[in-house]
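Numbering (UniProt numbering), first residue to last: 1 to 172. Each residue gets a CB set at the ideal place from its N, CA and C atoms; glycine is no exception. Read the structure below first, then the notes.
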């Protein structure tokens, strides 16, 4: 049995249920049944538009994003699904700030709900740098099912790692 590294912080009861789904080879079908469609934001431009739409809906006053893109160098294994970077520099007599969001390329072929959860998480870092109570409240404001989606994303990552194939191949 594989170690369930994406579910390390969950109770033994939860991990036992997931382990049973894996043994019965039903984890992938359970995910596909619950999230049957992948999203359409396959390009960096589409991802940028998707992210800016969410930002404009929930965080109009937050600073603008300079870039949003898929990054094949982000390793999900190192607990990074996405990265928000903030760079400040003096340009002339003004302080310029740039915000950039990078999403792990594995989410290019993921269900829409999982991509939205990652984007919401990274957008929340525009206002809250730490993973504190206010951060998670902001995540839940933008996506009420945030915590369920975070758990289901962990299931998805477990399945993709064990199956060795992207989500779209599982759906076919």
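Residue i - containing beta strand (DSSP E), residue span
| i | result |
| --- | --- |
| residue 113 | Careful: residue 113 lies outside any beta strand (DSSP E), inside the alpha helix (DSSP H) at 112-124. |
| residue 98 | 94-104 |
| residue 69 | 67-71 |
Distance, residue j Cα to residue i Cα
| i | j | result |
| --- | --- | --- |
| residue 5 | residue 11 | 13 Å |
| residue 21 | residue 35 | 16 Å |
| residue 129 | residue 161 | 29 Å |
| residue 53 | residue 142 | 12 Å |
| residue 23 | residue 110 | 23 Å |
Other residues of its chain near residue i: CB distance less than 7 Å, five sequence neighbours each side excluded
| i | result |
| --- | --- |
| residue 108 | 42 and 70 |
Residues of its chain near residue i, where Cβ-Cβ distance is below 8 Å and the 5 sequence neighbours each way are ignored
| i | result |
| --- | --- |
| residue 140 | 146 and 147 |
| residue 74 | 80, 81, 82, 83, 102, 103, 104 and 105 |
Nearest residue (CA-CA) to residue i, options the options
| i | options | result |
| --- | --- | --- |
| residue 157 | 126, 30 and 106 | 106 |
| residue 122 | 20, 104 and 111 | 104 |
| residue 153 | 115, 143, 127 and 137 | 115 |
| residue 59 | 126, 161, 131 and 162 | 126 |
| residue 164 | 19, 90, 150 and 28 | 28 |
| residue 56 | 98, 119 and 30 | 119 |
| residue 96 | 3, 64 and 132 | 64 |
N- and C-terminal bounds of the alpha helix (DSSP H) containing residue i
| i | result |
| --- | --- |
| residue 28 | 27-34 |
Residues bridged to residue i (per DSSP)
| i | result |
| --- | --- |
| residue 90 | 95 |
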